[in-house]
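Going by the numbering used here, 897 is the number at position 350 of the sequence shown; the sequence numbering is gapless.
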Amino acid sequence: ILLSVEMEDVEMTEAATQPSDYVLSRVLTGHKGEVKSVASTSQGMILSGGRDEIVRMWIGRGGDYSEHNALPQQPKGAIVYSIAYYETDEGWKIFVGRKDGAIAVYGSGSGNDPIITLKHHSSVVSCLHVDSVKGKLVSGSWDNHIIIWPIEEFTPGNEIIAALMCEGHTMSVWAVQSLNRKDEFHFLSASADQSIRLWHNDSCIKQFKGHSDVVRSLVLLDSCHFVSASNDGCLALWNVEETTPLSVEKAPHDEFIYSLARVGSDTLVTVGEGGFVVIWRVSETRGKGSITQQQMMQTPVASLWSVVALKNKDVAIAGSDGRIFILTRDESRVAPVDIREHLDAELSARIAALLQQQQEKESETVTIKVGHR
Numbered sequence: 548i549l550l551s552v553e554m555e556d557v558e559m560t561e562a563a564t565q566p567s568d569y570v571l572s573r574v575l576t577g578h579k580g581e582v583k584s585v586a587s588t589s590q591g592m593i594l595s596g597g598r599d600e601i602v603r604m605w606i607g608r609g610g611d612y613s614e615h616n617a618l619p620q621q622p623k624g625a626i627v628y629s630i631a632y633y634e635t636d637e638g639w640k641i642f643v644g645r646k647d648g649a650i651a652v653y654g655s656g657s658g659n660d661p662i663i664t665l666k667h668h669s670s671v672v673s674c675l676h677v678d679s680v681k682g683k684l685v686s687g688s689w690d691n692h693i694i695i696w697p698i699e700e701f702t703p704g705n706e707i708i709a710a711l712m713c714e715g716h717t718m719s720v721w722a723v724q725s726l727n728r729k730d731e732f733h734f735l736s737a738s739a740d741q742s743i744r745l746w747h748n749d750s751c752i753k754q755f756k757g758h759s760d761v762v763r764s765l766v767l768l769d770s771c772h773f774v775s776a777s778n779d780g781c782l783a784l785w786n787v788e789e790t791t792p793l794s795v796e797k798a799p800h801d802e803f804i805y806s807l808a809r810v811g812s813d814t815l816v817t818v819g820e821g822g823f824v825v826i827w828r829v830s831e832t833r834g835k836g837s838i839t840q841q842q843m844m845q846t847p848v849a850s851l852w853s854v855v856a857l858k859n860k861d862v863a864i865a866g867s868d869g870r871i872f873i874l875t876r877d878e879s880r881v882a883p884v885d886i887r888e889h890l891d892a893e894l895s896a897r898i899a900a901l902l903q904q905q906q907e908k909e910s911e912t913v914t915i916k917v918g919h920r
């Protein structure tokens, strides 16, 4: 897709795409507004939600996807900002973070109505993370707070839940990620205050500084190493024992990075403003480690809000135009030529329109300057 940029020669060409590069697989349509969040399940299902206030569930078969179910949010105005999925032998749960500060909890066998709705945040629930080892849900919000929830207490009618409120960030919380340790519960948080914090339960025990703008996303590499992505257009590789990054890599574009996903053991995917997708490789983390760019693509949308790795190592990406883009490295799942050519034409038209707008703006600026002489 979509005009692929090779890191070696920085040429925009589809013909130069290598077999190991990501290419377009499918485009999912169904949302009536921008898609804010995508999540995946162990069975390969995609969960998506956004401005149309509906969580859609997509089932994949042989590379094709169809909408299986939809969960409308109530009351009106409950835009979906974040989604998380949890599964045990007893069944599954879907957590939906909303604009109104609520988290709607759905479960297997409960139909399309929430088992319970959690209303402890006072603003947008911008991120959700499940620690399946500890059985905890962690939520972050524009109210600057983080809440740790015991999932086992999410039962119908339960109005008293032993949740922990975590305070410390001075601006919106954009990402949370547990360390998946078997001992005490530790997790990371990222914020618009440009910091990353390490928590032991509800106590902040360390702060990490290395970004110059909002920190938007976190992924764990192992129990000691993680990567962060920021509006400053950089990825940073960290060791939890050190408060400064091991390495920092600037994206090959000048746009915000909104979301980061890990695919397999050594691949990262970032998405963000301008419709850019960048594929990165993480080196062995023993010692210093490093992050290197492998591939860049651009999609014909203004923003890509969220990315998630799927069971088959494809990735699903949430678009601001209501579409979900599936990328693959598997030749058997590559989109038909006509679909790829259509999106390439869309992108070319979008780039041309943006260039024209820029030229018109520059022309207006010159006219104003001349008029004041």
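The beta carbon of each residue, even a glycine, is placed where N, CA and C say it ideally should be. None of the values given here were measured: they were computed from a predicted structure.
Item                                                                                                                     : Value
V787 - DSSP class collapsed to helix/strand/coil                                                                         : coil
Cutoff 6 Å; reference E820; Cβ partners in own chain excluding five residues on either side                              : E802, F803 and S850
Per-residue burial, V818 [other beta carbons within 10 Å of its own, 16 or more giving buried]                           : buried
Inter-residue spacing [alpha-carbon to alpha-carbon] between D541 and T576                                               : The structure shown does not extend to residue 541, since the chain is modelled only from 548 to 920, so the question has no answer here.
6 Å CB neighbourhood of S669 in its chain, flanking five on each side removed                                            : G648 and D690
Cut-off 6 Å between Cβ atoms - residues of its own chain near I864, not counting five sequence neighbours on either side : V818, L851, V854 and F872
Proximity to K623 [Cα-Cα], best of G610, T635, G597 and G607                                                             : G597
Enclosing beta strand (DSSP E) for M604 [first to last residue]                                                          : I601 to R608
N-terminal and C-terminal residue of the beta strand (DSSP E) that S738 is part of                                       : H733 to S738
Buried or exposed (CB count within 10 angstroms, at least 16 for buried), H578                                           : buried
Contact set for N705: own chain, Cβ-Cβ below 8 Å, skip 5 residues either direction                                       : I663
Sequence-distant residues of its chain with Cβ nearer than 6 Å to C781 (five each side left out)                         : V795 and K797
Given P847 as reference, the closest of P792, V824, L857 and Q841 once Cα atoms are compared                             : V824
Buried versus exposed, by CB contacts within 10 Å (16 or more), A625                                                     : buried
Residue from S738, H747, T814 and A739 whose Cα sits closest to the Cα of R728                                           : H747
Burial state of N778 (16 or more Cβ within 10 Å)                                                                         : buried
Under the three-state DSSP convention, the category Q845 falls into                                                      : strand
N-terminal and C-terminal residue of the beta strand (DSSP E) that T635 is part of                                       : V627 to T635
Neighbourhood of P661 by C-beta, 6 Å cutoff - its chain only, sequence neighbours within 5 removed                       : A651, V652 and Y653
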